[in-house]
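Asker: Start counting the sequence shown at 160; every next residue gets the next number (the numbering used here). Glycine included, C-beta positions come from ideal geometry on N, C-alpha and C. Predicted, not measured: the structure shown is a model, and the values here were computed from it.
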Amino acid sequence: MANFIYGKAKESLLKGEINLLANQIKALMIDTSLYSPSQNADQFVSDIPTAAIKFDTTALQSVSITLGVIDAEDLLVPNYPGNAFGALVLFQVGSSNTNSRLLFYIDTAVGLPFTGSISTSPVTIIWDNGPNKIIAL
160 MANFIYGKAK ESLLKGEINL LANQIKALMI DTSLYSPSQN ADQFVSDIPT
210 AAIKFDTTAL QSVSITLGVI DAEDLLVPNY PGNAFGALVL FQVGSSNTNS
260 RLLFYIDTAV GLPFTGSIST SPVTIIWDNG PNKIIAL
């Protein structure tokens, strides 16, 4: 698969229901063998099978938007349990998984898939420093 913006996220962005600078944005580390994303049907974190979610990160910091390109500070996960994952899903944090909106699916990037490790260790998600950063609209 390739990186994409969820269709329902595009609708919500255009309706003004998502403000990437004001809303809390987090990332999920996803086991791609347990989740087949539907770009145009999946809308909330609850659309992802619980078993496919290997980790829920802290919120992205210093989110910026320049000319439709979204970026943030690289994301440190200090005590990652070592599970393999093949994709990252960024989402707008809601009060529960049933209203936390899916934003971006990323499975094509340096370091993906992450094959895992046998022990707990820090993992840093380094966003691309090229022209597309996290993702470009």
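1) With which residues is T283 paired in a DSSP beta bridge?
2) Note down the Cα distance separating S223 from L234, rounded to an integer number of angstroms.
3) Please classify G245: is it buried, with 16 or more other beta-carbons within 10 angstroms of its beta-carbon, or exposed?
4) Starting from the Cα of M188, find the closest Cα among I294, L226, V204 and give me that residue.
5) Does D230 come out as helix, strand or coil in the three-state DSSP assignment?
6) Answer yes or no: do G241 and T216 have a C-beta to C-beta separation smaller than 9 Å?
7) Given that a residue counts as buried once 16 or more other Cβ atoms are within 10 Å of its Cβ, and exposed if not, what is S259?
8) Out of N162, L247, S255, K174, state which residue places its alpha-carbon closest to the alpha-carbon of L219.
9) Just the Cα atoms here: how many angstroms apart are G175 and P272?
10) Would the beta-carbon of T267 fall within 9 Å of that of N162?
11) Given I294, which residues of its chain have a CB within under 6 Å of its CB, disregarding the five upstream and five downstream residues?
Answerer: This is what the structure gives:
1) As a position in the sequence shown, residue 283 is number 124, starting the count at 1. Its beta-bridge partners are L235.
2) Position 64 of the sequence shown, counting from 1, holds the residue named residue 223. Position 75 of the sequence shown, counting from 1, holds the residue named residue 234. Whole-angstrom Cα-Cα distance: 14 Å.
3) Position 86 of the sequence shown, counted from the start, is the residue given in the question as residue 245. With 16 or more Cβ atoms within 10 Å of its Cβ, G245 is classed as buried.
4) For the purposes of this step, residue 188 is identified with residue 29 of the sequence shown, where counting begins at 1. Nearest of I294, L226, V204 to M188, Cα basis: V204.
5) Taking the first residue of the sequence shown as position 1, residue 230 is located at position 71. If DSSP states are grouped into helix, strand and coil, D230 belongs with the strands.
6) In the sequence shown, residue 241 corresponds to position 82, counting from 1. In the sequence shown, residue 216 corresponds to position 57, counting from 1. For G241 and T216, no; Cβs fall outside 9 Å.
7) Here residue 259 refers to the residue found at position 100 when the sequence shown is read from its first residue. The residue in question, S259, is buried, as its Cβ has 16 or more Cβ neighbours within 10 Å.
8) Here residue 219 refers to the residue found at position 60 when the sequence shown is read from its first residue. Cα-wise, what sits closest to L219 is L247.
9) As a working mapping, residue 175 is identified with position 16 in the sequence shown. As a working mapping, residue 272 is identified with position 113 in the sequence shown. About 33 Å.
10) Stepping through the sequence shown from its first residue, residue 267 is reached at position 108. Stepping through the sequence shown from its first residue, residue 162 is reached at position 3. Cβ atoms of T267 and N162: closer than 9 Å.
11) Indexing the sequence shown from 1 puts residue 294 at position 135. For I294, where only same-chain residues beyond five positions count, the Cβ hits under 6 Å are I229, F263.
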